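Below: the structure, in structure tokens.
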Amino acid sequence: MSYRSRYYAVLDNHSQRATAIAHRLGQLVFGDYGGVFVFLLTCSAAMVLWRTTFSINDNLTVANGLVALSDGHLHVTTPAYGETLRSPGMADYNGKAFPRNFAHIVFALPILWVLDGVAAVADVRIALVALWSLSVFATVSAGGRLVDRHRAAHLVGGGIALSSFVISVAIATPFPLVHLAYPALQLAMILATAGCALVVYRLLSRIHSSDVGLAAGIAVGVASPALLWATIPKRHVLTALFALLTLFFLYRSRETDRISTYRRYRAVAYVPVGLTAWLHASEGLVLLGALVVADFATARENSVRTLATVAAGLLVSLLPFFLTNYLISGDPFTPPRMLDRYGGDAVGNRVTGDTSTAGGSSETGGGTASATDDGSIVGGVIAPLLGTIDRALLFTEFLTDGITAVRQEPARLYRTFVRSGYFGFSSSGATGRAINVAFLEALPIAGALIAAPVVAFRTVFDSLSSRSSLRLRSRPVFAADIFVLAYAILVTLLYIYRLPLHAMLTVRYVFPLFPLAVYGVARLPWVRATVTDRPLWLGFAYTGSVFIGGQLVLAAVVIEGYTADETIQGLALLGLAIAAGTGIWSLSAAFDQTNTRIGAILFGLGSGLVTILMGVFAFSFFGPTAKFVLPMLPL
């Protein structure tokens, strides 16, 4: 064999190995082509709404924090974005400015490195346009595989991607940002949003079928508020992703028969808890509380080895949280949110604006007889313990305040979950415009959940009447349902006493409830029957409402001269009407009066309306002052 032949043989061998590894990794992450399609569709849709302008002032803090971390330090010295470091959420310790949401910052850091590398050899805007064009091509190609039209999908996807790329290059303008930290944060959130849709797809595909998983994944990715928040780099999408990962691994731990696999997945389910705490400590406690309830209520066994494995998974996940806190303040239990706000006039006020707790340094004067070395050692041991108890009590206080708010001010629940409308907020950040929508207005298909108690009652009654409660407890989906219910209650209690607030847009503080609501809707038997029996009705209702309904909304805005908030509230009321219709249909279906055609139309219209609403937020509310990444969109 010649040298050239040996060279090609070795090259071919390595190529086959690389292909096999890539295939296994792809199968591990995406599962199948359905997962690839859901992930890429979400990325492609989110990039259409991608703006380089700052939507919320809090983004300045995180973006400057990413710049600082890329330079090799945790504190921010000079603002790369904005004119001052006194942006919301910036913490002060010993005169240094520290950002928050370090999980988000670290998640975006590798993306920033990639963007910097691309910027060194190419134009950033052209590179991002090429990325979107490739994403569109891959989305259409993956969709073609799902319907056995791979060759035709290749041609259509290639034509769309190539034409959009050529047009974008022809009209492209210079990228408006010098530092690429903010686009890196946005791209990280786009990937996290696609991850949320992917996890929902994979979970429901395992529980029910790929058709149900595909419909739910698409709903999360392009027909929920995730479409808007994908390019607004707040923590809420990551919080939702961590909660969904916990749900997924909890379910996986219950569906296996092997004890080693059971322990491994059960421990992995606790890993997102530490990552959530690294992002927001209180939300980490919420996730931990919900997981503990669901986990130990349905645990197959709790041997010492199993509990040690679970504890190890939780402790390892908390290491980044503890290490970051220690490097900033010297106290592993004090996150940046518990420090003073940055700025001389804000000393003594916590970053979160929550009730102050005991903290800070308690230095005394010169050494007295009582300040012995033993006392210092004891104090050094006791202080972290007291700090932990203090934080736990503060978290308990938040939940207690939530219970009190629900009992004494039920209107908060109504304004948060049913109808928002206009509020005259006194906050300096309020716009004075009715730009907020409630939960049902932002996700009309969640109206179907009004019939969920019927399913729960029937399931429990049947298990008790047949004396099979242990069998119900051992079902993997039972653990998942308990987790979703517990998490929804805890996250609502955590925030309800402060809601509604200005600039929530789509009640972003309870954002994780949106994908969990889609999960809950997909668990209803009549909804699954609708998706399985009427996929074409569902698809045509959605696409028709987006393209035809979107044009009608645009015509109404142009002809009547509606403002952004008027358009938003009009769509919100329409969404509430669809939610009511969906609820009535769901209740009738719960009592064996199922009409799958009507259900498909309602779900298609409700999902399409959400897509239009998110577009109105992006183009009408933010659009007049926004600079979009894709040159084809308004500049």
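The numbering of the sequence shown is full-length UniProt numbering, which starts it at 1 and goes up by one. Idealized CB from N, CA, C, for every residue including glycine. Keep in mind the model is a prediction, meaning the values are calculated, not measured.
The residue from 601, 29 and 55 with its alpha-carbon nearest to that of residue 627 is 55.
For the stretch 212-298, the continuous alpha helix (DSSP H) assignments of 4+ residues that do not extend past its boundaries occur at 226-229, 236-255, 259-268, 271-279 and 281-297, in sequence order. Between residue 150 and residue 34, the alpha-carbon positions lie close to 14 Å from each other. According to DSSP, residue 93 shares a beta bridge with 96. Residue 622 sits in coil when the DSSP states are folded into three classes, being neither helix nor strand. In the structure shown, residue 462 adopts helical secondary structure according to DSSP, grouped into three states. Contact check for residue 203 against residue 251 passes: the beta carbons are separated by less than 8 Å.
Sequence-distant Cβ neighbours of residue 31 in its own chain, meaning closer than 6 Å and more than five residues away, are 202. Nearest to residue 153 by alpha-carbon distance, out of 537, 138 and 455, is 138. Within the same chain, and ignoring the five residues on either side of residue 236 in sequence, the residues whose Cβ sits closer than 8 Å to its Cβ are 229, 508, 509, 511 and 512. Beta-bridge partners assigned by DSSP to residue 341: 91. Assignment of residue 51 by DSSP, reduced to helix, strand and coil, places it in the strand class. Contact between the stretch 434-449 and the stretch 568-577 is present, with at least three C-beta pairs closer than 8 Å. In this structure, DSSP gives residue 511 a state outside helix and strand, which the three-state scheme calls coil.
For a cut-off of 8 Å, the C-beta gap from residue 601 to residue 541 is around 5 Å, short enough to register as a contact. DSSP, reduced to helix, strand and coil, places residue 333 outside both helices and strands of the structure shown, so it counts as coil. Shown here, residue 628 sits in a strand according to DSSP, grouped into three states.
Assigned with DSSP and collapsed to three states, residue 147 falls in coil, not helix or strand. For residue 589, the number of other beta carbons within 10 angstroms of its own is at least 16, and it is reported as buried. Shown here, residue 418 sits in coil according to DSSP, grouped into three states, outside any helix or strand.
With contacts defined as CB atoms closer than 8 Å, residue 587 and residue 451 qualify as a contacting pair.
The closest CA to that of residue 294, considering only 322, 110, 338 and 246, is found on 246.
Judged by DSSP in its simplified three-state form, residue 121 adopts coil rather than helix or strand. Leaving aside the five residues that flank residue 92 on each side, the residues in its chain whose CB is nearer than 8 Å to its CB run, in chain order, 98, 339, 340, 341, 342, 343, 346 and 347. Excluding five sequence positions before and after residue 220, the CB atoms of its chain that fall closer than 7 Å to its own CB belong to 196, 197, 200, 226, 515 and 518, given in chain order. If you check the CB distance, residue 218 and residue 484 do not come in under 8 Å.
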